[in-house]
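Enquirer: Structure below; questions to follow.
Protein chains: 2
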Amino acid sequence: MKAQVIRTFGDPDVFKIEDIPKPEIEPGHLLIKVHASSVNQVDCKIRRGEAPSIAPEFPAVLHSDVAGTVEEVGEGVKDFQVGDEVYGCAGGMRGCEGGALAEYLLADAHLIAKKPKSLSFGEAAALPLVTLTSWIALFSKGSLTTNMNILIHGGLGGVGHIAVQLAKWKGAKIYTTVGSDASFDQVRELGADFVINYKSQNVGEYVARFTETKGFDFVFDTVGGKNLDNSFEAAALNGRVATTQARSMHDLTPLHQKGLSFHVVFMLIPLIYGVERKGHGEILTKAADLVDQGKLKPLLCEEQFSLDQVSAAHALMESGKARGKIILNY
Amino acid sequence: MKAQVIRTFGDPDVFKIEDIPKPEIEPGHLLIKVHASSVNQVDCKIRRGEAPSIAPEFPAVLHSDVAGTVEEVGEGVKDFQVGDEVYGCAGGMRGCEGGALAEYLLADAHLIAKKPKSLSFGEAAALPLVTLTSWIALFSKGSLTTNMNILIHGGLGGVGHIAVQLAKWKGAKIYTTVGSDASFDQVRELGADFVINYKSQNVGEYVARFTETKGFDFVFDTVGGKNLDNSFEAAALNGRVATTQARSMHDLTPLHQKGLSFHVVFMLIPLIYGVERKGHGEILTKAADLVDQGKLKPLLCEEQFSLDQVSAAHALMESGKARGKIILNY
Chain A
1 MKAQVIRTFG
11 DPDVFKIEDI
21 PKPEIEPGHL
31 LIKVHASSVN
41 QVDCKIRRGE
51 APSIAPEFPA
61 VLHSDVAGTV
71 EEVGEGVKDF
81 QVGDEVYGCA
91 GGMRGCEGGA
101 LAEYLLADAH
111 LIAKKPKSLS
121 FGEAAALPLV
131 TLTSWIALFS
141 KGSLTTNMNI
151 LIHGGLGGVG
161 HIAVQLAKWK
171 GAKIYTTVGS
181 DASFDQVREL
191 GADFVINYKS
201 QNVGEYVARF
211 TETKGFDFVF
221 DTVGGKNLDN
231 SFEAAALNGR
241 VATTQARSMH
251 DLTPLHQKGL
261 SFHVVFMLIP
271 LIYGVERKGH
281 GEILTKAADL
291 VDQGKLKPLL
301 CEEQFSLDQV
311 SAAHALMESG
321 KARGKIILNY
Chain B
331 MKAQVIRTFG
341 DPDVFKIEDI
351 PKPEIEPGHL
361 LIKVHASSVN
371 QVDCKIRRGE
381 APSIAPEFPA
391 VLHSDVAGTV
401 EEVGEGVKDF
411 QVGDEVYGCA
421 GGMRGCEGGA
431 LAEYLLADAH
441 LIAKKPKSLS
451 FGEAAALPLV
461 TLTSWIALFS
471 KGSLTTNMNI
481 LIHGGLGGVG
491 HIAVQLAKWK
501 GAKIYTTVGS
511 DASFDQVREL
521 GADFVINYKS
531 QNVGEYVARF
541 TETKGFDFVF
551 DTVGGKNLDN
561 SFEAAALNGR
571 VATTQARSMH
581 DLTPLHQKGL
591 SFHVVFMLIP
601 LIYGVERKGH
611 GEILTKAADL
621 VDQGKLKPLL
631 CEEQFSLDQV
641 SAAHALMESG
651 KARGKIILNY
């Protein structure tokens with residue numbers, strides 16, 4: 001089968017189209033004919049060699065997000081049939097059988113769900129990683145409830161734009177940061193109640209303005225680094241902070257003074273270590289229902305790519321100029 | 331009324347017996363005739379001037395833990411009557427009306443519960459702060475469930491010995507650290523399934539020995555500082571770490587790599603800021619039931635004190651030589 005393969009870490013042009021063996025079905029797995037994938041930051045990071053501990057071995061097929069059709073069903077798998085249209089986050093790193101940048105992907109059935117009926121394969125492939133990340137942060141770990149006020153950093157980002165919609169569905173009051181006044185309308189359409197331009201207001205200012213200095217019940221940080229300190233500062237007494245980025249040194253005193261709960265989401269753990277995978281398929285099943293009810297949709301980058309154009313897709317991702325998820329249709 | 335008062339921060343001998351006005355009853359409050367108090371680390375810290383932001387204003391009456399008899403019931407208070415025997419953590423710092431080192435304490439009724447029937451006032455006064463801290467860490471924030479394995483640091487400490495008993499009641503499998511082999515039997519009697527001498531085994535060793543290198547589902551750190559890094563190291567993938575001490579700089583990378591949830595417990599928040607106080611009375615009511623069912627008991631220091639001897643009680647606390655809670659009977 002045709003696949004985009006890397007045999008060394010490097011720039012976006014490190015991908016080479018190769019003909020590699022089509023995977024054989026295994027018990028508990030699905031063989032998926034891949035119709036689409038999407039680019040996530042972690043794919044670029046792995047390609048650049050910045051995450052060697054989770055990178056698949058060379059020759060490597062990257063990409064986790066996948067949408068496609070079930071070609072073969074492994075022994076013991078009960079919930080899927082040949083021909084089912086499915087989506088998931090199920091490859092491209094250590095612990096997985098292959099990657100989505102290929103004609104076929106062998107995937108643990110626990111990581112897969114039926115795709116939303118109302119979406120194309122490309123649209124569906126934009127969802128899994130960012131939806132799982134948001135769901136785990138807001139619900140599985142953070143236990144967001146109706147009527148909480150939540151500050152979501154980066155409300156138009158890959159994770160952020162899904163988090164805004166999920167928090168809206170849950171009935172929370174949503175505050176979100178963006179980097180430009182021109183983005184206010186777009187993020188309001190997703191469900192944000194109040195929008196903050198973080199370039200023109202500091203934490204103290206928007207906490208005073210929106211919460212009477214009490215802080216937010218829940219802060220979802222999708223940025224990390226210095227912004228994590230901003231998130232601790234913005235949280236209320238006994239509040240919650242969730243993040244997708246916690247690899248830096250921090251003074252924990254604000255967490256102590258406020259009695260905070262701090263949830264770090266590393267949604268790749270089930271893929272890498274083979275634990276708790278069933279939860280991913282279950283979340284994606286619920287998310288597909290929300291999509292078909294019109295409550296969740298991906299923001300897509302206008303420019304779309306084919307499997308042959310993955311180098312260009314990665315280059316666009318790394319340029320920082322893309323707005324919305326970058327998808328590849330095969 | 332008679333009270334131990336401080337008019338400046340200082341050594342244990344800074345306390346002076348004074349005659350101060352008996353507090354007048356207020357709506358929503360109870361006037362408690364104090365029969366006993368206990369010493370907590372935070373009382374010593376406030377007395378030394380190391381926590382000025384939460385210290386009451388001078389002249390100050392310290393101590394939070396109290397057990398006594400209801401003398402007067404404020405307007406609007408429905409759950410208490412004159413003569414009720416009660417206990418709570420309800421004074422000794424900014425945001426509270428007085429302190430327990432006096433003949434009478436005016437306390438917000440939300441912070442108070444009926445005392446366990448099976449305990450003396452002195453025994454009951456040993457419980458509130460450490461029981462609230464453990465309960466909030468294990469249940470309110472940490473959501474400990476049956477069959478989780480939990481590592482409790484300092485299983486004979488003020489907070490630790492209560493946490494061991496509460497975790498046992500919940501049905502968790504309990505591992506705990508102590509600093510001496512001579513303490514193994516005592517902490518096993520409280521409910522610990524496995525005891526670790528942290529002076530003779532490092533984290534890697536006991537994680538390998540007891541969890542096949544998987545780590546613990548829940549780690550309750552009651553020590554802070556460098557031990558917090560040990561706690562992150564000892565936690566399992568997607569595990570939970572709770573602590574009572576988080577005022578230092580830490581590399582958060584282990585939290586990221588494992589997807590940890592980290593709960594910081596600062597149980598004084600309701601006292602200081604006047605928020606969420608009702609939860610404290612509710613927890614103490616449940617704890618009193620557990621005590622009367624024989625499932626929870628305080629470890630007491632053999633040496634006990636009177637109100638006149640508070641300086642000696644603080645000196646003993648600061649010597650680090652006391653085993654069990656130090657109580658004062660009036």
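Each protein sequence line maps, in turn, to chains A and B. Residues 1 to 330 in our numbering are what the first sequence lists, from first letter to last. Residues 331 to 660 in our numbering are what the second sequence lists, from first letter to last. The beta-carbon is built from N, C-alpha and C at its ideal position, and this holds for glycine as well.
To the nearest angstrom, report how far apart B:K352 and B:Y434 are at their CA atoms.
Expert: 7 Å
Enquirer: In the segment 231–247 of chain A, which residues sit with their C-beta less than 8 Å from some C-beta in chain B, listed in chain order?
Expert: L237, N238, Q245, A246, R247
Enquirer: Between the Cα of B:F550 and the Cα atoms of B:T543, B:Q411, B:A566, B:E387, which residue gives the shortest distance?
Expert: B:A566
Enquirer: In whole angstroms, what is the alpha-carbon distance linking A:E318 and B:E535?
Expert: Spanning the two alpha carbons is a distance of roughly 42 Å.
Enquirer: What would DSSP say about A:E97, mapped onto helix, strand or coil?
Expert: coil
Enquirer: What in chain B is Cβ-close to A:M249, meaning under 8 Å?
Expert: M579, H580, D581, L582
Enquirer: Interface residues of chain A around B:V595 at Cβ under 8 Å?
Expert: G259
Enquirer: Step through the CB atoms of chain B and report whether any lies within less than 8 Å of the CB of A:E282.
Expert: Not one chain B Cβ lies under 8 Å of A:E282.
Enquirer: Determine, for A:L271, whether the minimum Cβ-Cβ distance to residues of chain B falls below 8 Å.
Expert: By this cut-off, A:L271 is not an interface position.
Enquirer: Taking A:K141 as the query, report the chain B residues whose CB atoms sit under 9 Å from its CB, ordered along the chain.
Expert: N568, G589, S591
Enquirer: Do A:E85 and A:K114 come within 8 Å of each other at the CB atom, strictly closer than that value?
Expert: yes
Enquirer: Pick out the complete alpha helix (DSSP H) segments inside the segment 3–90 of chain A, 4 residues or longer, and give them in chain order.
Expert: 41–48
Enquirer: With a 10 Å radius around its C-beta and 16 neighbouring C-beta atoms as the bar for buried, classify B:M597 as buried or exposed.
Expert: Looking at its Cβ environment, which holds 16 or more other Cβ atoms inside 10 Å, B:M597 is buried.
Enquirer: Rounded to a whole number of angstroms, what is the C-alpha to C-alpha distance between A:E26 and A:E97?
Expert: 10 Å
Enquirer: Please state the DSSP three-state secondary structure of B:S649.
Expert: helix
Enquirer: In chain order, what residues of the same chain lie with their CB nearer than 6 Å to the CB of A:V275, ignoring the 5 residues before and after it?
Expert: none
Enquirer: Give the interface partners of A:V275 over in chain B, defined as CB-CB distance under 7 Å, in chain order.
Expert: L567
Enquirer: Expressed to the nearest angstrom, what Euclidean distance is found between the alpha-carbon atoms of A:A111 and A:R47?
Expert: In the sequence as presented, Ala is not what sits at residue 111 of chain A; that position holds Leu. Whole-angstrom Cα-Cα distance: 23 Å.
Enquirer: Between the segment 484–512 of chain B and chain A, which residues of the former have a C-beta closer than 7 Å to a C-beta of the latter?
Expert: Per Cβ criterion, the list is empty.
Enquirer: Would you say B:L585 faces chain A, with C-beta separation under 8 Å as the test?
Expert: yes
Enquirer: Identify, in the order they occur along the chain, each residue of the same chain with its Cβ nearer than 7 Å to the Cβ of A:L255, setting aside the five sequence neighbours on each side.
Expert: F232, F262
Enquirer: Can you list the beta strand (DSSP E) stretches of 3 or more residues lying completely in the segment 467–528 of chain B, in chain order?
Expert: 479–482, 503–508, 524–527
Enquirer: Identify which residue in B:L646, B:G624, B:N659 has its Cα closest to the Cα of B:S448.
Expert: The candidate whose alpha carbon is nearest that of B:S448 is B:G624.
Enquirer: DSSP three-state label for B:R570, please.
Expert: strand
Enquirer: The beta strand (DSSP E) spanning B:K444 covers which residue range?
Expert: 442–444
Enquirer: Near B:V508, what residues of its chain come up, given a Cβ to Cβ distance below 8 Å and the 5 sequence neighbours on each side ignored?
Expert: G484, G485, L486, F514, V517, V525, I526, N527, Y528
Enquirer: Since A:V265 is in the beta strand (DSSP E), which residue starts that stretch and which ends it?
Expert: DSSP places A:V265 outside any beta strand (DSSP E), giving it a letter other than H or E.
Enquirer: Return helix, strand or coil for B:K625, following the three-state DSSP convention.
Expert: coil
Enquirer: Anyone know if the C-beta pair for B:F451 and B:A366 falls short of 8 Å?
Expert: yes
Enquirer: Exposed or buried, which one is A:S53 when buried takes at least 16 other CB atoms within 10 Å?
Expert: Exposed is the call here.
Enquirer: Would you list the residues sitting across from B:Y434 in a DSSP beta bridge?
Expert: Partner residues in the beta bridge of B:Y434, as assigned by DSSP, are B:K363.
Enquirer: What residues match up with B:I657 in a beta bridge as DSSP calls it?
Expert: Note: B:I657 sits in a beta bridge opposite B:S368.
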